[in-house]
Structure formats: C-alpha cells, structure tokens
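Residue numbers (the working numbering), protein chains in the order written: chain E, 146 to 351; chain S, 146 to 351; chain A, 2 to 330; chain B, 2 to 330. Where is the CB? At the ideal position from N, CA and C, for every residue including glycine. Report on the following structure.
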Amino acid sequence: MKLTVNNSIQWFLKANEKMQENKEYLTLLDKKIGDSDHGINMARGFQEVANKLPTQDYASVSDVLKDVAMTLMSKVGGAAGPLYGTIFLKMSTAVKGTDPVDYQTFTNGLEEGLVGVKQRGKADVGEKTLVDVWAPVVDFFKQGVDFQADQLVETAENAMDNTKDIQASKGRAAYFKEKSIGHIDPGSTSSFYIFEALAEVIREGE
Amino acid sequence: MKLTVNNSIQWFLKANEKMQENKEYLTLLDKKIGDSDHGINMARGFQEVANKLPTQDYASVSDVLKDVAMTLMSKVGGAAGPLYGTIFLKMSTAVKGTDPVDYQTFTNGLEEGLVGVKQRGKADVGEKTLVDVWAPVVDFFKQGVDFQADQLVETAENAMDNTKDIQASKGRAAYFKEKSIGHIDPGSTSSFYIFEALAEVIREGE
Amino acid sequence: MKKIINDPNQVVQDMVAGMVSGFTKTIKQIPETTVIVRTDAPIKRKVGLVSGGGSGHEPAHAGYIGKGMLDAAVVGEVFTSPTPDQILKAIKAVDGGAGVFLVIKNYTGDVLNFEMAAELAEAEGIQVEKVIVNDDVAVEDSSFTTGRRGIAGTVLVHKIAGAMAESGASLAEVKRVAEKTVQNVRSIGMALSPCTLPAAGEPSFELEEREMEIGIGIHGEPGIERKQLVSADDIAVELTNRLLADFDFSGDVAVMINGMGATPEMELYIVNQKVQTILAEKDINVYQTFVGEYMTALEMAGCSVTLLGLDDELKMLLETASDAPAFRV
Amino acid sequence: MKKIINDPNQVVQDMVAGMVSGFTKTIKQIPETTVIVRTDAPIKRKVGLVSGGGSGHEPAHAGYIGKGMLDAAVVGEVFTSPTPDQILKAIKAVDGGAGVFLVIKNYTGDVLNFEMAAELAEAEGIQVEKVIVNDDVAVEDSSFTTGRRGIAGTVLVHKIAGAMAESGASLAEVKRVAEKTVQNVRSIGMALSPCTLPAAGEPSFELEEREMEIGIGIHGEPGIERKQLVSADDIAVELTNRLLADFDFSGDVAVMINGMGATPEMELYIVNQKVQTILAEKDINVYQTFVGEYMTALEMAGCSVTLLGLDDELKMLLETASDAPAFRV
Ligand SMILES: Nc1ncnc2c1ncn2[C@@H]1O[C@H](COP(=O)(O)OP(=O)(O)O)[C@@H](O)[C@H]1O
Ligand SMILES: Nc1ncnc2c1ncn2[C@@H]1O[C@H](COP(=O)(O)OP(=O)(O)O)[C@@H](O)[C@H]1O
Ligand SMILES: [Mg+2]
Ligand SMILES: [Mg+2]
Ligand SMILES: [Mg+2]
Ligand SMILES: [Mg+2]
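Below, the structure is given as structure tokens:
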C-alpha cells in the first residue's frame with residue numbers, strides 16, 4: 146500500500162460522500178446520547194473539504210492532510226472539529242517528507258493522530274469516544290503490511306459496534322451516564338466512515 | 146309578578162349555578178369568536194356574587210341589584226364586567242323606592258339597564274352582542290303583565306339563537322368579520338342564563 | 002396543557018406576588034389588588050402614568066414601570082381587562098397633583114373599564130386624561146366597529162409619554178405627545194402556533210403544521226389570512242409592506258421586532274435583518290431598533306413588526322433615560 | 002418543525018446579520034465571520050472580554066456585548082461550539098494590549114475550541130487567560146468525566162468579569178473575580194418540552210404530555226430525573242433545594258430565574274415568588290433578583306434557577322453600569 150496525493154484526495158472525497166449520505170443517521174445517533182448535531186457538523190465540515198481539495202495543487206500527502214485538518218477545524222465546530230482537526234494535523238506532520246506515503250509511515254501517522262486526539266480530548270480507550278475506533282485501527286495497521294481492505298472495514302466496524310456497550314465518560318454522552326449504554330457513539334461512527342472510505346481507496350489501488 | 150329581596154337573591158344564586166355549569170361552554174363559544182375567557186370571567190364574577198349575597202342584610206331589591214352590579218364590575222373584567230355592571234346598576238337606580246318590585250317597575254328597570262348598556266357599549270340591536278338578547282326581552286316584558294315564565298325563556302332563547310346569523314360589529318367578535326356568522330354570541334348566551342334563572346324564580350312564585 | 006403554575010385560577014395573584022418579590026426597592030403591590038406601583042409614587046407635580054390590561058402579555062405592562070416610563074400597571078386576569086376599582090386604585094396611588102394619564106389599548110373591555118375608572122377618579126377630583134392605542138393595521142379602521150387593536154406599539158407610547166411626564170410636562174403635553182405617537186405608529190403580527198389560557202386548559206385556536214396566520218392579535222384573535230408558512234424573508238416583506246401601505250413612513254423611524262412568547266430570539270433577528278433591508282431600499286432611515294419580547298401572548302409562537310415615524314421631539318423622548326426593567330435606556 | 006427562518010443551514014449567518022443590522026452604533030460584525038464586537042474595540046489598556054458558544058441560547062452571548070460586559074461574542078452553529086479561527090479573530094479584535102479574558106462554558110467542544118484559539122493567540126504574542134464556568138449541579142462533579150456544564154450562571158460571570166475589566170483591572174484581577182464567581186455560583190434547570198435544531202428538523206428529545214425533566218441542560222441534554230409534572234411551587238422547591246444542598250449560600254445572594262425560550266414570563270414570576278419565599282425561610286438574604294430570558298435553548302419550555310453567593314466585591318461588580326442590551330444596569 147502506498148498513498149499518493151491523488152489517493153488521499155479520493156479518500157476524503159469518499160469520506161465526504163459517506164458523511165452526506167449518513168448525515169441524518171449521525172444526527173440521530175447524537176440525538177440519542179448528545180445534542181443532535183454530529184451529522185450536521187460532519188456533513189458541513191467534509192463538504193468544505195470536498196469543495197476545496199479538487200481546486201488546489203498539492204505537492205504532498207502531508208499538504209493534503211494539513212488542509213483537511215485546517216478545514217475541519219474551522220468548519221465542524223463542537224467537539225468533533227478540534228478532535229478531527231488534531232488527528233489530521235498530527236498525521237500531516239508525521240508523514241511529512243515521504244511521498245507517496247508508504248505503509249510504515251502511514252501507520253505512524255495514524256498512531257500520531259491517535260496520540261494527539263487522546264491528549265486533546267483527555268480521553269482514553271473505553272470512554273465511548275472516537276478513540277475507541279482509532280485505537281483498534283492503529284493496532285490493526287501495526288500488525289502487518291499485508292492486509293486486505295475488508296479486514297480494515299471489519300476492524301473499524303467491530304470497534305464502532307463495541308462502543309454500544311460502553312458507558313460514556315467523556316463528551317456530552319457522559320451526561321447520560323448509564324443511559325448511554327446501548328447506543329453507538331456518533332463520533333465512532335463518523336470515524337468508521339473515514340476508515341471505510343480509506344479501505345475503498347486501498348481496494349482501488351490493489 | 147312581584148320581586149322581593151329574597152326573590153332577587155334567588156335569581157342571582159340560580160344564575161350563578163348556570164354560569165358554573167356552563168363555564169366551559171361559554172368559554173368554548175368565546176374561543177370560536179373571541180379570546181376564550183367569557184365563561185371564566187362570568188363564573189368568577191357570579192361566584193363572588195353568590196358568595197356575597199347570602200351574607201348581607203338587604204333592605205331593598207335595589208340594594209341587592211347594586212351589590213350585584215358592583216361585584217360584577219370588580220370581578221368579571223373584560224367587556225362583560227362593565228356591561229353587566231352597568232345593566233344592574235341602572236336597574237338598581239330604576240327600581241329604587243318600590244319594594245317588593247312590581248311588574249311595571251321591574252320592566253322599567255330592565256329597560257333602563259338596556260339603555261345603559263347600549264350607551265356604555267355604543268352598541269345597538271343587530272351587532273351580535275348581549276344587546277340582542279336584552280332588547281327582545283325588554284320588548285316582551287313591555288307587551289303585558291300576564292305572561293308565563295316559559296315564554297320568557299323562549300324569547301330569550303330565540304334571541305340568543307338568532308345571534309348566530311348576525312355578523313359581529315362590536316367587541317372582539319368583530320375582528321372575525323364574516324367568519325363570526327354561524328356562531329352564537331357568548332355574551333348573549335350568558336344573558337340567556339340570567340333570564341332563564343329569572344324565569345325559574347318567577348315560576349316558583351306562581 | 003403544560004405550564005409551570007400552581008392553581009390555574011390563581012396565576013395572576015401568584016405572578017403579581019412574584020413580580021414584586023425580589024424587586025421591593027423599585028416596585029410595590031397595592032395590598033389586596035393586582036396593581037403594581039413605583040415605590041416612590043406619587044411623585045409631587047409629576048403627571049402619573051398608568052397602563053394595564055389583561056395579563057399574559059408580559060413584560061407588558063408591569064415591566065414598563067420605572068422612572069421615565071410608567072408609574073403603575075394594573076394587571077387583569079389572563080387576557081381580561083382589569084376592573085374599574087383596580088384601575089381607580091392605581092390612579093389614586095400615582096396622582097401627585099398634576100393629574101394622571103392613562104394608556105389604553107383599543108379593546109372594548111379595556112376601553113370600558115378604564116373609562117369607568119376615569120369617571121370615578123374625576124368624581125374624586127383627580128384630573129384624568131387618556132390615549133387609546135390602535136396600532137394594529139390587520140384590523141379595518143372602521144368607525145362602525147370596535148376599530149383597530151392596540152398591540153406592541155403601545156410600548157413605544159409608554160416610553161414617549163413616560164419621558165414627557167418625567168420631564169415635568171403638563172397633562173396636556175403628555176397627552177399631546179402620546180397622541181402624536183399613536184398617530185405615527187403602526188404594527189402587525191403573525192403567529193405559527195396558538196396559546197393556552199391557564200384556566201381554559203386548551204389552545205385558543207388551531208393552526209395546521211405548515212400554516213401561519215398573518216395579522217393575528219395578541220390574544221390569538223384572527224388576522225387577515227391563514228396561509229402556508231413561508232420563509233422569514235417573505236414574512237418580513239409581507240408584514241413590512243402592509244405597514245408601509247397604511248402610513249407614509251418617509252423620514253426617520255423606530256423599528257420594533259416583537260416576539261409573541263415562544264419564538265426564539267434567533268428568529269426575531271432573522272426577521273429584523275430583512276425588515277432593515279426593505280426599509281433601506283425604500284430610503285427610510287432607521288433611527289432606532291428594538292428586538293425582543295415586548296408584548297407577548299403567553300406562549301404563542303410568532304412575531305410582530307412595529308414602525309413609528311419620528312420627528313425630533315419623539316426621537317428625543319425615545320432616547321431619554323428609563324429605569325423600567327423591560328425597557329432600560 | 003415551525004420556524005421563522007429562511008434556509009435551515011443559514012440561520013446563524015442570517016441571525017448574526019440581523020443582530021448587527023439596526024445596532025451599528027454599538028456593535029459590528031467582523032466581515033466573513035460570525036464574530037460580533039463592540040464598535041469601540043479594541044480599548045487601549047482594557048482587558049478584552051470574549052465569550053461565545055453555540056447559537057440557540059440568545060440573548061447569550063451577543064446580547065451581553067457592551068460597555069461593562071463583553072467586548073466580543075463568537076457565535077457558533079446552533080448548539081455547536083465556534084471554531085478556533087473565529088475565536089482567534091475575536092481575541093485579536095479586542096486585544097488592547099492588556100490581554101484577553103475568555104469566558105468558556107464547560108462543554109468538551111467549547112473547551113477544546115477556545116483552548117486551541119488561546120494557544121494560537123499566545124503564539125501571536127497576545128496574553129490570554131480564561132475561566133471555565135460549570136454551574137450546573139444536575140451533573141455529577143467528577144474529575145473522571147467532562148464534569149459540570151456551564152449554564153445560566155455564565156451570564157453573571159460575564160457581568161462580574163466585565164465590570165472588573167471595565168474598571169481597568171489587570172488580566173489577573175479579572176481572572177480572580179471570574180473564578181470567585183464560578184466558585185460561588187450554582188444553577189439547575191428543568192424542561193416541559195423539547196427544542197428543535199433548524200437543520201435537524203425534529204425535536205431533540207421527547208417528553209410525555211404530563212412529564213417534565215429536572216436537571217436538563219441548555220441543549221436538551223438529560224438531567225437527573227424525568228417525572229410527573231408538578232406545581233410551580235414544587236418545582237421551585239426541588240430546584241432550590243438542590244442548589245442549597247450543593248453549596249453553602251448563607252449570607253447574601255443574587256437570584257436568577259431564567260426562561261429556556263418558550264416559557265411565558267408569567268410562569269417565571271410564579272417560580273420566583275416561591276424561590277424567594279424558600280430563601281427567606283432559610284434566612285438567606287436576596288441582594289438582587291433577575292427574572293427573564295438570559296440563557297435559552299431555542300424554543301424549549303422550562304426554566305432554570307441560579308444562586309450566586311455574594312461578598313462585597315461581587316456585589317459592587319454586579320451593580321456597576323452595563324450597556325449590554327440584554328443586561329442593562
Ligand atoms: N473528550 C473527547 N475525546 C475524544 N472524543 C470525544 C470527546 N468528547 C466527544 N468526543 C467525540 O465527539 C463526538 C461528538 O461530536 P459532536 O456531536 O460533533 O460534538 P458536540 O458533542 O460538541 O455536539 C462524540 O460522539 C465522541 O466520539
Ligand atoms: N360594545 C359592546 N356592547 C355590548 N356588548 C358587548 C360589546 N362588546 C362585547 N360585548 C359582549 O361581551 C361579550 C364578551 O365578553 P368577554 O369575553 O367576557 O369579554 P372580552 O371580549 O373582553 O374578552 C360578547 O360576547 C358580547 O356579548
Ligand atoms: Mg453533538
Ligand atoms: Mg372574551
Ligand atoms: Mg378577554
Ligand atoms: Mg454540539
């Protein structure tokens with residue numbers, strides 16, 4: 146697996162499609178254990194990303210990631226904005242200088258993103274946040290070079306589904322205390338879409 | 146027909162019962178072409194009258210009527226308060242000095258009440274107000290001494306029903322313009338109850 | 002019906018108690034009445050200003066009591082004019098020898114009760130003058146009927162008459178500026194959803210899910226037209242055009258965008274944006290703008306737009322200081 | 002969903018335009034942002050005061066801009082924290098050389114975005130300090146979770162920090178009184194009916210016909226308990242007792258009875274009446290009372306009660322003049 150500038154642009158265009166398609170669903174999830182805006186926020190932010198990326202000339206994947214980060218940061222708002230912004234900014238820094246981005250560097254980028262978001266959100270695994278999708282995905286990438294896109298989707302999907310059983314202790318869902326159990330975390334779901342989009346890009350490159 | 150102090154007290158106690166029983170109905174009528182408070186207002190005012198009359202020692206029917214007038218004036222509010230207040234105040238003045246009140250004097254009292262309320266409300270017959278019940282009832286009384294209580298009820302009831310076909314040009318119902326047609330006037334209905342109560346008192350005296 | 006109340010028949014008593022409670026430095030309730038008065042009333046040689054009406058329109062009218070505005074507000078039952086005895090008590094409480102001025106909204110009930118109170122006060126030797134506010138262009142201006150209703154424009158009459166009275170002007174002067182204001186002010190409202198009188202327990206009218214009513218009164222009385230709900234901009238255009246068609250507002254104006262009770266302030270500002278644009282296009286200069294809840298109808302959702310044509314005197318009176326909590330300048 | 006809006010996705014832009022339109026003497030919008038700033042900002046050597054958050058809480062926060070209160074408000078999407086770039090623009094616009102103070106409500110989104118903006122501002126050489134308001138006793142005060150939410154008490158923090166900044170005090174002094182206020186302020190809310198985000202189009206939660214929720218947040222986040230709707234007095238008792246159980250309010254207090262959006266003022270006054278009675282019974286002296294809409298949740302019906310323990314310094318700062326339209330002193 147190698148990620149070119151074009152691949153990375155495709156990644157976010159596909160991710161945007163998923164955010165638009167699932168805007169209502171993400172908002173519904175956030176209605177259950179939040180304030181009914183996650184889909185609205187993500188759809189607004191990714192639409193901006195999708196509007197912007199094709200109009201620019203990027204020299205590197207790092208530059209793409211940086212623009213994604215800055216756009217999400219300034220368009221999503223709420224908790225998700227700075228969190229996704231931090232992830233892609235850290236990733237941008239980590240992959241700087243290698244183009245196209247190789248598997249090892251990309252894995253490293255993902256891990257840096259995870260470390261960044263944990264710090265920013267003061268959240269750890271098991272608190273019912275998007276960290277609960279990013280952590281297992283990073284582990285999955287670290288396991289080996291030779292993986293199938295389907296396995297990535299499966300890993301992210303299982304991780305997302307598992308958030309259902311967790312009681313939230315971070316973010317707005319924490320106010321629901323034990324009543325947060327039984328609902329999938331909206332941020333974990335939007336993260337799942339991001340990895341699903343990534344898998345599609347990888348699949349096309351295979 | 147002669148009206149004693151006790152008769153007149155009975156009149157208003159009976160009228161109060163009717164206002165309480167029909168509180169919701171009067172309010173419903175006022176909801177259709179007004180602001181949904183006529184039943185509430187009349188029930189509140191007549192309850193006060195009913196609370197007060199039995200506790201006082203009245204020397205004359207005129208005194209009873211005056212107290213009814215003052216109580217309604219200070220407890221009903223809205224349009225109905227000053228209108229009914231005016232009617233019974235004028236009636237009180239007109240019957241002053243004759244006790245018990247004879248038929249002629251009483252008829253005269255009703256007529257003075259009608260004149261007073263027309264003046265106060267700047268309303269005439271045919272404007273879909275309580276004047277449309279009081280005017281025919283006064284005419285009825287003026288027709289002769291020898292009447293049956295049932296005829297009084299019938300006169301008042303017909304008059305009330307006839308307000309249905311009128312387009313309102315006074316009071317809040319006037320805002321409904323042609324849409325006021327087809328609804329009975331709430332104030333005419335409360336006036337009907339007052340005459341129905343009077344008929345019952347007359348019947349008992351027969 | 003969902004309301005934060007105790008007894009539906011005691012809402013007015015409970016409310017008046019709660020209006021005074023915690024505000025005893027500035028206002029007081031006349032015992033055993035629903036009359037609220039400035040603590041410093043009566044003020045010697047100042048014209049006393051009294052307004053009032055049914056309750057359910059808060060902050061009208063008690064919120065407008067204060068130096069530079071009202072001296073007393075008479076609080077009636079919900080949507081029901083207060084009675085002459087209560088109004089008389091208010092008049093007596095604020096008469097400082099220079100007479101008392103009554104601001105009355107043009108509803109049969111209010112007019113009758115205030116007029117009777119004025120007669121009683123005059124019989125006791127108090128000079129009383131009044132103005133009847135009828136700013137609602139949704140109602141035909143007919144001398145054969147009750148005529149136009151008084152709605153949100155009333156608040157601007159309070160302000161202007163109040164400022165004039167505070168300046169030490171005579172009863173005749175107060176009346177003159179109040180009448181000028183009434184002549185120059187026009188309003189029109191609209192609603193998305195009805196309101197429920199506590200004692201009635203049910204909404205006083207119904208509107209379909211995508212329906213609105215243009216020209217509605219502040220008691221849910223009918224307006225001009227029920228129709229499909231349109232955009233905020235289209236609503237602003239319709240309301241503003243109806244005002245402009247009724248009166249020549251060329252020159253300087255004050256604008257009031259008034260919430261009816263349940264409408265988020267957000268929506269009032271969206272309406273304001275369009276109203277200001279329309280006025281700018283017509284070269285009408287907005288001298289001052291008010292956006293908020295000034296004259297409500299319980300929890301009705303909707304808004305009204307008021308325009309007041311201003312000359313130099315009215316401008317000055319509009320800007321003078323006011324201590325009234327709901328209209329602090 | 003019935004709302005007076007144009008495009009559900011443009012409500013914030015439309016609202017901000019309408020907030021400034023007609024008020025250009027006092028406030029301005031920073032072009033291409035949803036930041037609203039005092040026209041006289043930055044004020045030399047005065048600490049700049051910036052607050053903000055998601056919109057839908059009007060008059061919070063833009064209504065609190067004015068001499069003696071905020072210098073700028075950053076308006077986010079509905080119920081969504083504004084972004085760091087916008088907050089940074091506000092900080093830069095109000096920095097008069099004495100540093101900038103941020104009043105942040107304790108929500109993950111607000112804290113993250115404001116903190117990032119602060120980092121960016123500091124990187125540009127602007128001194129920034131902040132306070133995080135967490136007055137909502139409905140949430141457990143736990144260090145393992147996000148902790149308590151910031152609700153209506155935030156308005157009193159604006160007032161007190163604003164008065165201190167206006168007096169010419171240093172950034173450290175402003176921070177000190179803001180923190181003191183946060184330590185002494187407690188709130189709790191309740192709701193009868195939900196609110197609907199324009200872009201979502203459906204109520205964000207449901208309540209049964211005779212049900213209420215105690216401890217609800219200003220975005221409709223859950224509270225402590227859903228139960229049968231009770232009387233205004235019983236609601237007042239429950240809310241007040243929860244505040245008194247959480248903090249020792251013996252001494253002087255300020256009371257705020259805040260409407261959530263659709264609640265008639267009448268009902269707020271009925272609640273106020275009982276709250277004042279309870280406090281009097283416990284010998285707690287009410288120094289000042291505020292009743293009205295200060296921190297709303299779109300058209301949610303309900304109210305919150307806030308108590309702030311006052312020492313002489315806080316009293317003085319609470320009473321100092323403020324020009325903010327939604328909190329004029
Ligand atoms: N402290 C945190 N750390 C990591 N992720 C978080 C944290 N708080 C919230 N989140 C994520 O953000 C999501 C909510 O995003 P969103 O609804 O857009 O923001 P808000 O909660 O401000 O409305 C949650 O579902 C969760 O996955
Ligand atoms: N100008 C008037 N003259 C005579 N009767 C009137 C007049 N205006 C209203 N009414 C009567 O008063 C009734 C309404 O009373 P009510 O509902 O108590 O007062 P309001 O209209 O102030 O709410 C009407 O049904 C009508 O019969
Ligand atoms: Mg959310
Ligand atoms: Mg009525
Ligand atoms: Mg009425
Ligand atoms: Mg949010």
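Residue state for residue 312/S is assigned as coil, using DSSP reduced to three classes.
DSSP, reduced to helix, strand and coil, places residue 148/S within a strand of the structure shown. In chain order, the residues with a C-beta atom nearer than 5 Å to some heavy atom of ligand 6 are 180/E, 182/E, 223/E, 80/B, 81/B. Contact annotation for residue 330/E against chain B: no contact, minimum CB-CB distance about 13 Å [criterion: below 7 Å]. The distance from the Cβ of residue 82/A to that of residue 190/S is about 13 Å, inconsistent with a contact at the 8 Å cut-off. Using a cutoff of 7 Å, the CB of residue 253/A does not count as near ligand 4, since none of the ligand's heavy atoms is closer than that.
Fully contained in the segment 263-300 of chain E is no beta strand (DSSP E) run of length 3 or more. Pairing residue 47/B with residue 229/E, the inter-Cα distance amounts to about 35 Å. Take residue 140/B, set aside five residues on each side of it, and the residues of its chain with a beta-carbon closer than 6 Å to its own are 149, 150, in chain order.
In the three-state scheme derived from DSSP, where H, G and I count as helix and E and B as strand, residue 340/E is classed as helix. Taking 7 Å as the cut-off, one finds no heavy atom of ligand 3 near enough to the beta carbon of residue 317/S. Per the Cβ contact rule, the segment 179-186 of chain E is not in contact with the segment 271-280 of chain E (fewer than 3 Cβ pairs under 8 Å).
Residue 140/A has a beta carbon lying within less than 8 Å of a beta carbon in chain S.
When the alpha-carbon of residue 299/S is set against those of 220/S, 219/S, 152/S, 340/S, the nearest one is in 340/S.
Using a Cβ-Cβ distance cut-off of 8 Å, the segment 198-213 of chain A and the segment 65-77 of chain A are not in contact, since fewer than three pairs of beta carbons, one from each stretch, lie closer than that value. Rounded to the nearest whole angstrom, the CA to CA distance from residue 193/A to residue 220/A is 14 Å.
Shortest Cα-Cα distance from residue 44/A to any of 56/A, 97/A, 69/A, 64/A involves 97/A. The beta carbon of residue 300/B sits closer than 6 Å to those of 196, 262, 263, all from its chain and outside the five residues before and after it, given in chain order.
For residue 55/A, the CB falls within less than 7 Å of some heavy atom of ligand 5. Boundaries of the beta strand (DSSP E) around residue 213/B: 212-215. Pairing residue 217/E with residue 86/B, the inter-Cα distance amounts to about 11 Å. For residue 181/A, the enclosing alpha helix (DSSP H) has its first and last residue at 172-185.
Going by DSSP, residue 271/B is part of the alpha helix (DSSP H) stretching over 266-282.
A direct Cα-Cα distance of roughly 5 Å separates residue 330/B from residue 322/B. Membership of residue 295/B in any alpha helix (DSSP H) is not indicated, and neither H nor E is assigned to it by DSSP. Between residue 236/A and the set 249/A, 215/A, 245/A, 58/A, the nearest pair of CA atoms involves 215/A. Residues of chain E with a Cβ closer than 9 Å to the Cβ of residue 191/B do not exist; the shortest Cβ-Cβ separation is about 15 Å. Legend: CB atoms of the segment 264-292 of chain A lying less than 7 Å from CB atoms of chain B belong to residues 264, 265, 266, 267, 268, 270, 271, 272, 273, 274, 277, 287, 290.
Around the beta carbon of residue 145/B, fewer than 16 other beta carbons sit within 10 angstroms, so the residue counts as exposed.
Around the beta-carbon of residue 26/A, fewer than 16 other beta-carbon atoms lie within 10 Å, marking it exposed. Rounded to whole angstroms, residue 270/S and residue 288/S show a C-alpha spacing of 18 Å.
Residue 155/B holds the alpha-carbon nearest to the alpha-carbon of residue 189/B among 155/B, 41/B, 23/B.
Between residue 219/S and chain A, the shortest Cβ-Cβ separation is below 8 Å. Judged by their CB atoms, residue 238/S and residue 265/S are not nearer to each other than the 8 Å cut-off. Remark: C-beta atoms of residue 7/A and residue 233/B approach each other more closely than 8 Å.
Beta bridge pairing from DSSP links residue 226/A with 215/A.
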